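Per my numbering, residue 254 is the first one in the sequence shown, and the count goes up by one each step. Every residue, glycine too, gets a C-beta built ideally from N, C-alpha and C. Note that the structure is predicted; figures quoted are calculated from it, not measured. Below: one structure, written as structure tokens.
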Amino acid sequence: MTPEPAPTVRQLLAFYLEAGVDCALTDEPVNRLSDADAAPAIRTAAAGESAQARPAPTPSATTFAKTLVKTLATPPAPRREIAPAPEAAIGSAREAARTAPTLQALRVLLENFDGCALKFTATRLVFADGNPQARVMFVGEAPGRDEDIAGLPFVGRSGKLLDRMIAAIGLDRTSAYIANVIPWRPPGNRTPTPQETQICLPFIQRQIELVNPDVLVTLGNPSTQTLLATREGIMRTRGKWFDYNTGTRTIRAMATFHPAYLLRSPSYKRLSWQDLRSIAKALEPHSRPLKNS
Ligand code: URA
């Protein structure tokens, strides 16, 4: 059989881009499977720059190609776990999250939590935005590239649409609270794995419990299915009221379309405005006592 010709650098880059590898984190390649210090080194570099929003890594095609070529030239090494096995990580996430007495403590816990491998590829933690005293909390799936750079949820194109959705019920980021089920960007915006979701779940559950909103809004299928424990798709779940039990209180919850989906399918905006009207009605002063009263 004639051997396949070696791929060109351009073909390799295209292959990696397709697989979600779309940015270089360091100038030198890091073999995470063999180098015991690799992950902490990356964390330290990111932490050192976290005081100010740093610009997105903007690797030139040559730097990226060099990194790839060097990485590919590194001989395979014995496998080594960076993050603990999922079961152990889920256990320690549960244990850690329930001990957080405040949102600030929860954020610090997450910043120091090494159980989710997404932390090591993300630029920074994307914890939340908005007002923790808000009566309504929106929860999306996971940060994308813009959020990973800014360290804030929903700041890209879909974030702009979410702002308009929030404005449609007379609120803004000073009177609403926004977070994601997963607080780190999955590489290349890939879908989080079920294990990653389960590891992050105790943290968002604790965040909801601490914010204690009057209305919880899940944005799109993944956050709806994860938080409202349903297997039904968004076409069936949207616009209906669910009970979300924090363990100490039951919160009214509604699913609606994810703004990224509405950008792709604008004809569903009409249904989404209907959902927002129901949410606005539930937030009217006479429909429920004010939060924490
Ligand atoms: N999509 C999400 O689900 N969350 C974000 O923060 C941004 C886009």
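Residue 530 is a Cβ neighbour of residue 422, given a cutoff of 9 angstroms. In this structure, DSSP gives residue 526 a helical state, which the three-state scheme calls helix. By the neighbour-count criterion, in which a residue is buried when 16 or more other Cβ atoms sit within 10 angstroms of its Cβ, residue 425 is exposed.
Assignment of residue 509 by DSSP, reduced to helix, strand and coil, places it in the strand class.
Relative to residue 443, the option among 475, 412, 460 whose CA is nearest is 475. Listed in chain order, the non-local C-beta contacts of residue 478 below 7 angstroms within the same chain comprise 484, local neighbours out to five positions each way being set aside.
If you look at residue 463, you'll find it in the alpha helix (DSSP H) that goes 447-464. Assigned with DSSP and collapsed to three states, residue 388 falls in coil, not helix or strand. Taking C-alpha positions only, residue 538 is separated from residue 384 by approximately 18 angstroms. In the three-state DSSP reduction, residue 433 falls in the strand class (E or B).
Rounded to the nearest whole angstrom, the C-alpha separation of residue 434 and residue 258 is 44 angstroms. Ranked by Cα distance from residue 487, the first of 498, 496, 502, 471 is 471. Residue 386 and residue 428 have their alpha carbons spaced roughly 8 angstroms apart. Taken from the Cβ of residue 380, every heavy atom of the ligand URA lies 8 angstroms or farther away.
For the pair residue 458 and residue 499, the CB atoms are nearer than the 9 angstroms cut-off. Looking at the DSSP output, residue 472 sits in a beta bridge with 509. Non-local beta-carbon contacts of residue 343 in its own chain, meaning distances under 7 angstroms to residues more than five positions away in sequence, involve 451, 452 in chain order.
Taking each of 380, 490, 356 in turn and checking the Cα distance to residue 436, the smallest one comes out for 380. Annotation for residue 455: 346, 347, 350 place their beta carbon closer than 6 angstroms to its own, counting only its chain and skipping 5 residues before and after. A distance below 9 angstroms separates the beta carbons of residue 481 and residue 508.
Residue environment analysis places residue 377 among the buried positions, since at least 16 neighbouring C-beta atoms fall within 10 angstroms of its C-beta. Residue 356 sits close to residue 460, with the two beta carbons spaced by under 9 angstroms.
If you check the C-beta of residue 476 against the ligand URA, you find a heavy atom less than 8 angstroms away. Counting only runs of at least 4 residues, the region 363-425 fully encloses the following alpha helix (DSSP H) elements, listed from N- to C-terminal order: 371-374, 398-403, 410-421.
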